[in-house]
Amino acid sequence: MGLTRSAAGKALSRLEDYLGTRLFHRTTRRLSLTTEGHEFYSRCLQIIEDVQEAEASIRHDHPLPRGTLRLTVSEGYGKAIVIPFLGSLLAASPELSVEVNFTDRIVDLVEEGFDLAIRVGEGVTSTEYVTQVIARARPRLYAAPGYLEKQGVPLSTSGLEKHQRLIYGLGTTTTAWNFIDKEGQSVSVNGRIHARFDSGDAIRVAATEGMGIGLLPPFVVARELNEGKLVEVLPSISAAELAVHVIYPSRRYLPARIRTFIDEFRKYLNAKESEF
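Residue numbering for the sequence shown follows the numbering used here, beginning at 800 and increasing consecutively.
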């Protein structure tokens, strides 16, 4: 910026005086942002991005994605689908970097500083966010061959009630599995709950270790199926379809890094649809 350390320090002090709040914690060795400093910095970055996008829309051009894209994604979907995509995205966008958080919980994107989220299942209905369906998946039943050798292969949905079920969701009151059979009829299955997890990826590992039968989207277990570590159970039935959502804060002008990710990821999914 062409400023000496002394000049920069005086400029920051004038800014703090103008705003009436402290933006930095100061010690003899370092500066660090206060909570208000973080908020002010984030807002300023957003304003700069909005101006760049507004200028680009008038000029009818599209700025290259740059900066850091902070993404939170469901663990199983992220490892199976998003990570392979990111390699090609970053290769085509040399000024872009990514930070990826793996979690199945619903996060506050603004509060936690994320640009967007990808979630499998329910979207977000808040007017503060935009939710788009970018893919769909239909969960199926999987178990390890060793487990089925010991416990037997269920031949119908009623037979599942005698098996060790691996359930998604902690603290939920509804643990029934709901299926659609080959005639298109709805079937509900209850029975013993052997273990519960808050992660689809954890269910994949548990099923692979022979702990029971898991209900998972095919993309989560693709590698295990190819390697023979898991097999499909009752292939004539499937669960209700799950939507894969991309969620981001509602803004008139999307930063290039967010817009590019969404556009390119949609193309990637369309090209790979038969594999998922």
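We treat Cβ as the ideally placed atom computed from N, Cα and C, and that holds for glycine.
Handout entry: Candidates Ala810, Thr833, Thr827, Ala1038: closest to Thr820 by CA position
Key = Thr833
Exercise for the section: Name the two residues that bound the continuous beta strand (DSSP E) containing Phe913. Expected result: Per DSSP, Phe913 belongs to no beta strand (DSSP E) and is neither H nor E.
Handout entry: Within 8 Å, strictly: CB atoms of Glu848 and Ser998
Key = no
Handout entry: In DSSP terms, what Tyr876 is bridged to
Key = In DSSP, Tyr876 forms no bridge with anything.
Problem - Candidates Val1043, Glu815, Leu868, Pro893: closest to Gln931 by CA position - result: Val1043
Exercise for the section: Could you tell me which residues DSSP pairs with Gln931 in its beta bridges? Expected result: Val1045
Exercise for the section: Evaluate contact between the segment 940-958 and the segment 1000-1016, counting only Cβ atoms and requiring at least three cross-stretch pairs below 8 Å. Expected result: yes
Handout entry: Proximity below 8 Å, CB of Ser985 to CB of Ala975
Key = no
Practice task
Provide the residue(s) that pair with Ser1037 in DSSP beta bridges, ordered along the chain.
Solution key: Ile979
Practice task
Identify which residue in Phe1060, Ala1006, Val929, Ala1001 has its Cα closest to the Cα of His962.
Solution key: Ala1006
Practice task
Could you check the C-alpha separation between Phe1018 and Glu838 for me, to the nearest Å?
Solution key: 38 Å
Handout entry: Segment contact flag, the segment 864-879 with the segment 1025-1038, C-beta cutoff 8 Å, min 3 pairs
Key = no
Practice task
Please determine, among Ile979, Asn989, Phe913, the residue with the shortest C-alpha to C-alpha distance to Arg1056.
Solution key: Phe913
Practice task
Might you give, ordered along the chain, the residues of its own chain that have their beta carbon closer than 7 Å to the beta carbon of Tyr1081, omitting 5 neighbours on each side?
Solution key: Outside the shown range of the chain, which is 800 to 1075, sits residue 1081, and nothing can be said about it.
Handout entry: Whole-angstrom C-beta distance between Leu822 and Leu811, which should lie under 8 Å
Key = 7 Å
Exercise for the section: For Ile966, write down the residues that DSSP places opposite it in a beta bridge. Expected result: Arg995
Practice task
Note down, in chain order, each residue of its chain lying with its Cβ closer than 6 Å to the Cβ of Val929, except the 5 sequence neighbours on either side.
Solution key: Tyr1047, Ser1049
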